[in-house]
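Participant: I'd like to ask you about the structure that follows.
Numbering (the UniProt record's numbering), first residue to last: 1 to 370.
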């Protein structure tokens with residue numbers, strides 16, 4: 001009997017414990033639902049709830065916003081503009097009244113903030129319109145309050161402006177053809193493709209005409225440099241380097257150009273070919289400098305194979321006439337006590353460094369001068 005009672009007591013305790021556990025879980029679930037409803041703001045219910053006391057938290061007569069045209073909106077004006085119908089979720093409808101009031105209050109505050117933001121945005125829109133059209137909108141607080149006729153009139157204005165702005169950036173022949181249409185939507189697809197390409201090229205400062213057609217079509221999909229993915233940027237840079245190298249080759253003598261055509265960039269050039277191109281580029285550069293000098297200075301300078309061989313006094317006269325430095329002087333000149341071995345070591349290091357950089361240096365130099 002005692003065993004049976006003990007067993008029954010344990011069973012009752014177990015059931016009671018489970019019951020308490022279920023009640024705790026239910027309370028926890030209701031609490032979570034209340035938080036979610038308060039945060040996400042009250043949706044997906046069939047029955048609307050009106051707050052028992054709809055009051056403006058601040059002074060109703062306080063001005064909260066003034067438009068650029070001087071129209072003032074008070075707290076009460078904002079209160080009158082917002083929708084006060086609040087729908088509670090099924091979970092929230094079974095919560096305590098004070099909790100429901102809190103959720104409703106949070107939702108109404110959110111709507112007040114959104115209304116103020118909408119008034120601000122509409123004011124910015126009005127400032128972009130011509131005066132004749134803007135005057136028709138003075139009595140409306142937001143774009144959502146406009147009649148369909150006014151909305152259509154605004155859309156038509158911006159569509160026309162879009163077309164006018166586009167025409168300004170187009171080539172003359174294409175611009176004349178596009179000017180025959182009232183909006184971008186009326187332009188035939190084949191002409192519109194040309195317009196879109198030129199607009200994108202203008203947007204990206206002429207980039208599309210410098211890269212391959214395939215890459216240009218990809219770039220045209222974006223509205224700013226920041227939107228272009230990194231992988232596409234890398235492809236663009238590689239394509240530009242290839243084209244720059246190709247243009248550089250065209251300026252070389254035929255024998256050097258034929259050898260360089262086998263490669264796609266400066267970095268791929270063999271050392272011997274790079275040295276030959278460097279020597280040719282250096283000679284051209286030297287000749288361009290001499291053309292800018294008076295004849296007597298030019299004749300003296302031609303006696304030397306490179307700028308590095310020109311004596312300091314003659315070099316100073318040339319630099320004074322040209323207005324820029326031709327040869328950089330090192331700040332750590334070799335002292336009288338330095339050994340020949342040290343001097344030779346420095347020369348080898350400088351020679352090696354020059355050999356590594358000269359192809360890229362001269363290519364950039366000619367690229368900037370072309």
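For every residue, glycine included, the Cβ atom is placed at its ideal position computed from N, Cα and C.
1) Drop a sphere of 10 angstroms on the beta-carbon of residue 47, count the other beta-carbons inside from all chains shown, and report buried for 16 or more, exposed for fewer.
2) May I ask you to report which of helix, strand or coil DSSP gives residue 74?
3) From residue 129 to residue 138, what distance separates their C-alpha atoms?
4) Put residue 87 into one of helix, strand or coil per three-state DSSP.
5) Between residue 83 and residue 111, which are expected to be in contact by the criterion C-beta below 8 Å, what is the C-beta distance as a whole number of angstroms?
6) Might you give, ordered along the chain, the residues of its own chain that have their beta carbon closer than 7 Å to the beta carbon of residue 235, omitting 5 neighbours on each side?
7) Verify whether the separation of the beta carbon atoms of residue 384 and residue 66 is less than 8 Å.
8) Only counting the same chain, and skipping five residues up and downstream in sequence, which positions put a Cβ closer than 7 Å to that of residue 98?
9) Excluding sequence positions up to five away, which residues of its chain have a Cβ less than 8 Å from the Cβ of residue 160?
10) Residue 29 to residue 89, Cα distance in whole Å?
11) By alpha-carbon positions, which one of 147, 298 and 277 ends up nearest to residue 251?
12) How many angstroms separate the CA atom of residue 307 from the CA atom of residue 327?
13) In the DSSP assignment, what are the bridge partners of residue 65?
14) What's the C-alpha gap between residue 85 and residue 77?
15) Using 8 Å as the Cβ pair cut-off and three pairs as the minimum, do the region 140-153 and the region 172-179 touch?
16) Do the CB positions of residue 269 and residue 263 come within less than 8 Å of each other?
17) Decide if residue 209 is buried, meaning its Cβ has at least 16 other Cβ atoms within 10 Å, or exposed.
18) State the Cα-Cα distance for the pair residue 272 and residue 222, rounded to the nearest angstrom.
19) Quick one: what's got a C-beta closer than 6 Å to residue 207's C-beta in the same chain, skipping five residues either side?
20) Is the beta carbon of residue 239 closer than 8 Å to that of residue 212?
21) May I ask you to report which of helix, strand or coil DSSP gives residue 258?
22) Please list, in chain order, all residues of the same chain as residue 72 whose beta carbon is under 6 Å from its beta carbon, the five residues on each side excluded.
23) Taking only three categories from DSSP, how would you classify residue 98?
24) What is the DSSP secondary structure of residue 168, reduced to helix, strand or coil?
25) On the DSSP letters alone, give me the boundaries of the alpha helix (DSSP H) that residue 184 sits inside.
26) Under 8 Å, do residue 166 and residue 195 count as touching if we go by C-beta distance?
27) Determine, using beta carbons only, whether residue 141 and residue 119 come nearer to each other than 8 Å.
28) Taking 8 Å as the limit between beta carbons, can you name the residues of its chain near residue 59, skipping five residues before and five after?
29) Can you tell which of 297, 185, 323 and 291 has the C-alpha that lies nearest to the C-alpha of residue 311?
30) If I measure Cβ to Cβ from residue 151 and keep anything under 6 Å in the same chain, skipping five residues before and after, which residues do I get?
31) What residue ranges within the region 305-333 form continuous alpha helix (DSSP H) runs of no fewer than 4 residues, ordered along the chain?
Facilitator: By the coordinates alone:
1) Only weak support exists for where residue 47 lies, its pLDDT of 47 falling under 50; the coordinates are left without a value.
2) Strand at residue 74.
3) Their backbone Cα atoms lie some 12 Å apart in a straight line.
4) Reduced to three states, the DSSP call for residue 87 is strand.
5) Under the criterion of beta carbons closer than 8 Å, residue 83 and residue 111 qualify as touching, at roughly 7 Å.
6) The beta carbon of residue 235 sits closer than 7 Å to those of 215, all from its chain and outside the five residues before and after it, given in chain order.
7) The structure shown does not extend to residue 384, since the chain is modelled only from 1 through 370, so no value can be given for it.
8) Cβ within range, chain order: n/a, list empty.
9) Taken in chain order, the residues that qualify are 182 and 183.
10) The predicted position of residue 29 is uncertain, since its pLDDT is 44 and thus under 50; a value taken from the coordinates is nonetheless stated next. If you take the alpha carbons of residue 29 and residue 89, they lie about 14 Å apart.
11) The option with the nearest alpha carbon to residue 251 is 277.
12) In this structure, the CA atom of residue 307 is about 7 Å from the CA atom of residue 327.
13) Paired residues: 73.
14) Distance between the alpha carbons of residue 85 and residue 77: 17 Å.
15) When Cβ pairs closer than 8 Å are counted between the two stretches, the region 140-153 is seen not to touch the region 172-179, the count staying below three.
16) A contact, by the Cβ cut-off of 8 Å.
17) Burial call: exposed.
18) Rounded to whole angstroms, residue 272 to residue 222 spans 43 Å at the Cα level.
19) Here the set comprises nothing.
20) Yes, the pair counts as a contact, with Cβ atoms nearer than the cut-off.
21) Note: residue 258 maps to helix in three-state DSSP.
22) Excluding positions up to five away in sequence, the list reads 63 and 66.
23) Helix.
24) In the structure shown, residue 168 sits in a helix (DSSP, three-state: H, G or I).
25) Judged by DSSP secondary structure, residue 184 falls outside any alpha helix (DSSP H); it is assigned neither H nor E.
26) In contact: residue 166 and residue 195 (Cβ atoms closer than 8 Å).
27) Pairing residue 141 with residue 119 gives a Cβ-Cβ distance under 8 Å.
28) Leaving aside the five residues that flank residue 59 on each side, the residues in its chain whose CB is nearer than 8 Å to its CB run, in chain order, 75.
29) The alpha carbon of residue 311 has as its nearest neighbour, out of 297, 185, 323 and 291, the alpha carbon of 297.
30) Within the same chain, residue 151 has no close Cβ partners at all.
31) Segments of the alpha helix (DSSP H) lying fully in the region 305-333: 312-322.
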